Amino acid sequence: MTDMPLRALLGSSDRDPGCDAGLDVIDVYCDAVDRGEPLSDRFREFLSHLANCEACREDTEALLAAIRDQKKDESAG
Amino acid sequence: MVARWHTRLAGVILRRMHSLDLDRESAEWVRSLTAGGEAHRSAVARLHALLLRVARGEAARRRATLPSRGMEEVDDLCVQSANDALVAVLAKLDTFRGTARFTTWACKFVILDVSSALRRHAWRHRKVELDDAVWDRLPDTAPPALQDLQNAELLDILRRAVREQLTEHQRLVFQSVTMEGVPIDVLAERLGSTRGAIYKALHDARGKLRQVLADAGYEEIVA
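Read top to bottom, the protein sequences are chains X and W.
Take 1 as the starting number for the first sequence in this note's numbering and just add one per residue.
Take 1001 as the starting number for the second sequence in this note's numbering and just add one per residue.
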């Protein structure tokens, strides 16, 4: 047995601010990802929440996809 | 009366905007959305078009997770989400701090709305209930997270802890979300709660279970 399945079930013990606090910074985080900025220190708690919360992970991926699509539209148009 | 209120609000937003360090494009969005007349109407129309495009893009990305029946309703959900997000963005314009680009900040509203609507749509014909039989279906039909739990002793401790240490609400949330894959916003809707409150219940349940496993000698793997 590895700890990966347990991590998915039980989450991590790192500080996790929850969905509401996470959604406050999701746009700032996605812009930082888009600009290729370092993330680990600035978004430590948000990253820990993303590891624990599938819905917030999906929403973050969705916002990143929207940013990528806008860039494609801008370069095409 | 409305025009006077709009002018006053626009003045407040513009004064705030000057004190913020906005990128050129974000500043232009805020300026045109707080302007009057045709400039305002044009900016609102462009913003709505952007939000609708983003909502439809997200629906296309999630197509595989949506049931094939009811696809005609999906576009209605996208339009509704774009409309609601537009209202929210305009109402909260004075809270835009410029920590993200304006378009990213605005798209957040439509993404959160449409993602949640699509998850609820995907689950609309599925029951959400406390089903302890999920433990008996191991390992064949369990979600991947549980299929790999090969340690029978650990599994037994975990199952007993779920039954004995969690409240009924925590047990429903924990089993539904982690073992049956119910999205937390679907669970929130069914229970008349909020995403934040459901996540808090999940977080507290996980904390209790990690403590039980740590006390049983598994502290290294739950650290």
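Backbone N, C-alpha and C fix where the C-beta goes; we use that ideal spot for every residue, glycine too.
Owing to the predicted nature of the structure, the values given are computational and were not obtained by experimental measurement.
Indicate whether at least one CB of chain X lies closer than 8 Å to the CB of residue i.
| i | result |
| --- | --- |
| W/C1107 | yes |
| W/T1167 | no |
| W/L1052 | no |
| W/I1157 | no |
| W/V1222 | yes |
| W/S1176 | no |
| W/L1022 | no |
| W/L1130 | no |
| W/S1032 | no |
| W/L1172 | no |
Taking Cβ positions only, does residue i come closer than 8 Å to chain W?
| i | result |
| --- | --- |
| X/D16 | yes |
| X/A66 | yes |
| X/V28 | yes |
| X/E45 | no |
| X/S40 | no |
| X/M1 | Residue confidence for X/M1 is low, a pLDDT of 34 falling below 50, so the modelled location carries little weight; the figure read from the coordinates is stated next. Yes, because at least one Cβ of chain W sits closer than 8 Å to the Cβ of X/M1. |
| X/G11 | yes |
| X/A76 | no |
Indicate whether residue i and residue j have their beta-carbon atoms separated by less than 8 Å.
| i | j | result |
| --- | --- | --- |
| W/V1074 | W/H1121 | yes |
| W/S1115 | W/E1058 | yes |
| W/L1093 | W/V1030 | yes |
| W/L1166 | W/F1174 | yes |
| X/C19 | X/L64 | no |
| W/V1054 | W/V1134 | no |
| W/F1102 | W/S1026 | yes |
| W/I1157 | W/L1077 | no |
| W/R1062 | X/L10 | no |
| W/K1108 | X/D27 | yes |
| W/R1177 | W/V1128 | Note that residue 1177 of chain W is Val in the sequence shown, not Arg. No, they are not a contact pair. |
| W/L1260 | W/R1171 | Only positions 1001 to 1223 of chain W appear in this structure, which leaves residue 1260 of chain W out of reach. |
- Message: By the 7 Å beta-carbon criterion, what residues does the segment 1184-1216 of chain W contribute toward chain X?
- Response: I1184, D1185, R1195, G1196, Y1199, K1200, H1203, R1206, L1209, R1210
- Hey, which unbroken runs of the beta strand (DSSP E) at 3 residues or more fall wholly within the segment 18-77 of chain X? none
- Query: Of the residues that make up the segment 1080-1103 of chain W, which ones have a beta carbon closer than 7 Å to any beta carbon in chain X?
  - Reply: T1099, A1100, R1101, T1103
- In chain order, which alpha helix (DSSP H) runs of at least 4 residues are fully inside the segment 1068-1125 of chain W? 1071-1091, 1102-1122
- Task: Residues of the segment 1034-1064 of chain W with a CB closer than 7 Å to any CB of chain X: list them in chain order, please.
- Result: V1054, G1057, E1058, R1061
- Please list the residues of the segment 48-61 of chain X that have a C-beta atom closer than 8 Å to any C-beta atom in chain W, keeping them in chain order. N52, C53, E54, A55, E58, D59
- Query: Mind pulling the beta strand (DSSP E) runs of 3 or more residues that sit fully within the segment 1024-1049 of chain W?
  - Reply: none
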